[in-house]
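Colleague: Before anything else, here's the structure in question.
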Amino acid sequence: MTESDWASVDRLFTDLLHTEDDDLRAAREAGAAAGMPTIEVSPQQAKLLALWVRATKARRVLEIGTLAGYSTIALARAVGADGSVTTLEYQPKHAEVARANLERAGVADRVEVIVGAALDNLPTLTDRGPFDLVFIDADKENNVSYVEWAIRLGAPGTVIIVDNIVRSGRVLHPADGDPQARAVHDMLAMMGTHPRLDTAAIQTVGAKGWDGFAVAIID
Ligand code: SAH
Ligand code: DHB
Ligand code: MG
77 MTESDWASVD RLFTDLLHTE DDDLRAAREA GAAAGMPTIE VSPQQAKLLA
127 LWVRATKARR VLEIGTLAGY STIALARAVG ADGSVTTLEY QPKHAEVARA
177 NLERAGVADR VEVIVGAALD NLPTLTDRGP FDLVFIDADK ENNVSYVEWA
227 IRLGAPGTVI IVDNIVRSGR VLHPADGDPQ ARAVHDMLAM MGTHPRLDTA
277 AIQTVGAKGW DGFAVAIID
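Here the working numbering is used: the first residue of the sequence shown is 77, the next is one more, and so on.
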C-alpha cells in the first residue's frame, strides 16, 4: 500500500462515519486559505481526541499548538458546555484565524487562545489547573519541557497525548541536523523512565502519512 492509499482509506472512514461537519471543514479550509500550514490533525485523529476527552470525562483541557483551531474545536465540543479548553499559540495570525473558526463552530465561549511562546505562558496557568487532559502539538524541539509542564499542571489521572512521534520514521535514527526527531526521541526516553508516567507510543498511517502519537496517564 502507498501513502495515497492510506489517505484514501482515511477519506472512506471519514465519509462512512460522517466525521467532519461543515464547521470543522470550514476551519480546515480557512487555515489553508490564510496560507497557514495544513498540518492539523486528521478528521479521525480529531475524533479520537474528542473520544478520549469524553471517555475520561475531562472538563479542563490544555492544548499546546492551536494552528487554525481544528483540533481545538474537537476538544471544545467534547468537554461540553461547562468545560474549558486553554490553547497556546505562538503566531498571532494563527490565533486570529483560530478565534474566527472557534466562533463559527459556536465554542468560542469555552476556549481561551493564549498568544505567545508556550514556555512563557505555561507558568501562568497553575490557577487554571489541574488539567484533565493535555494535547501537545507545537514545536517538537520543546517536547521534553512540554511533557514536564503537563505533569506539573496535571494531577493523578491526567491524560497526556503527544502528536507526531514518528515523522516517517526519522525518530529511529535522528540525524545530526534533525533536532525535531532528536527531541521526540529524547521525549520518549524521558517518558519511559519517568516515575509518574504510564505511556504507550502508537504508530499511525493515514491522511498524514506515517506518524504516530504517545498517550500517557499521570500516576
Ligand atoms: N493542534 C493543531 C495543529 C498545531 S500545528 C491541530 O491539530 O489543528 C503547530 C502549531 O504550534 C502552529 O500553529 C505553530 O505556530 C505553533 N507553535 C510553534 N511553536 C510554538 C511555541 N513555541 N509556542 C506555542 N505554539 C507554537
Ligand atoms: C508538522 C507538525 C505537526 O504538528 C504535524 O501534525 C505534522 C507536521 C510539521 O511541523 O511538519
Ligand atoms: Mg501535529
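Glycine included, C-beta positions come from ideal geometry on N, C-alpha and C.
Can A142 and T162 be called in contact, C-beta distance under 7 angstroms?
Modeller: Going by the sequence as given, residue 142 is Thr instead of Ala. The answer is no: Cβ separation not under 7 angstroms.
Colleague: In angstroms with no decimal places, state the Cα-to-Cα distance between D185 and D274.
Modeller: 33 angstroms
Colleague: Could you check what DSSP says for L248 in three-state terms: helix, strand or coil?
Modeller: coil
Colleague: Between D287, G282, I293, A290, which has its C-alpha nearest T78's C-alpha?
Modeller: G282
Colleague: In three-state terms, what does DSSP make of K215?
Modeller: Lys is not the amino acid found at residue 215; the sequence shown has Asp there. D215: coil per DSSP, three-state reduction.
Colleague: Would you mind stating whether R180 and A102 have Cβ atoms separated by less than 7 angstroms?
Modeller: Closer than 7 angstroms, so yes.
Colleague: Taking the alpha carbon of V155 as the reference point, which residue from F207, I190, E105, V247 has its own alpha carbon closest?
Modeller: F207
Colleague: Helix, strand or coil, according to DSSP, for R136 in the structure here?
Modeller: strand
Colleague: Does DSSP classify Q167 as helix, strand or coil?
Modeller: Assignment of Q167 by DSSP, reduced to helix, strand and coil, places it in the coil class.
Colleague: Residues in the same chain with beta-carbon distance under 7 angstroms from G192, minus the five sequence neighbours each way, listed in chain order, please.
Modeller: Y166
Colleague: Would P271 be called buried (16 or more neighbouring beta carbons within 10 Å of its own) or exposed?
Modeller: exposed
Colleague: Is the Cβ of D81 closer than 7 angstroms to any Cβ of chain C?
Modeller: The displayed structure is made up of one protein chain only, and chain C is not part of it.
Colleague: Examine the ligand DHB and report whether any of its heavy atoms sits within less than 6 angstroms of the Cβ of I237.
Modeller: Within the chosen limit of 6 angstroms, the ligand DHB does not reach the beta carbon of I237 with any heavy atom.
Colleague: Between which two residues does the beta strand (DSSP E) carrying I149 extend?
Modeller: Careful: I149 lies outside any beta strand (DSSP E), inside the alpha helix (DSSP H) at 146-155.
Colleague: Could you tell me the distance, in whole angstroms, from the CA atom of G244 to the CA atom of K284?
Modeller: First, the amino acid is wrong: residue 244 is Ser here, not Gly. The alpha-carbon atoms of S244 and K284 are separated by roughly 10 angstroms.
Colleague: Exposed or buried, which one is D213 when buried takes at least 16 other CB atoms within 10 Å?
Modeller: Answer is buried; the Cβ neighbour count reaches 16.
Colleague: Kindly confirm or deny that the stretch 127-136 and the stretch 82-93 touch, where touching means at least three C-beta pairs closer than 8 angstroms.
Modeller: No, the stretch 127-136 does not touch the stretch 82-93.
Colleague: CA-CA distance, M263 and P255?
Modeller: M263 and P255 have their C-alpha atoms spaced approximately 12 angstroms apart.
Colleague: Going by beta-carbon coordinates alone, are T148 and V235 separated by less than 7 angstroms?
Modeller: no
Colleague: For W286, which residues does DSSP report across the bridge?
Modeller: V281
Colleague: Quick one: is D81 buried, meaning 16 or more other Cβ sit within 10 Å of its Cβ, or exposed?
Modeller: Exposed, since its Cβ has fewer than 16 Cβ neighbours within 10 Å.
Colleague: D98 by DSSP, collapsed to three states: which one?
Modeller: Secondary structure at D98: helix, using DSSP grouped into helix, strand and coil.
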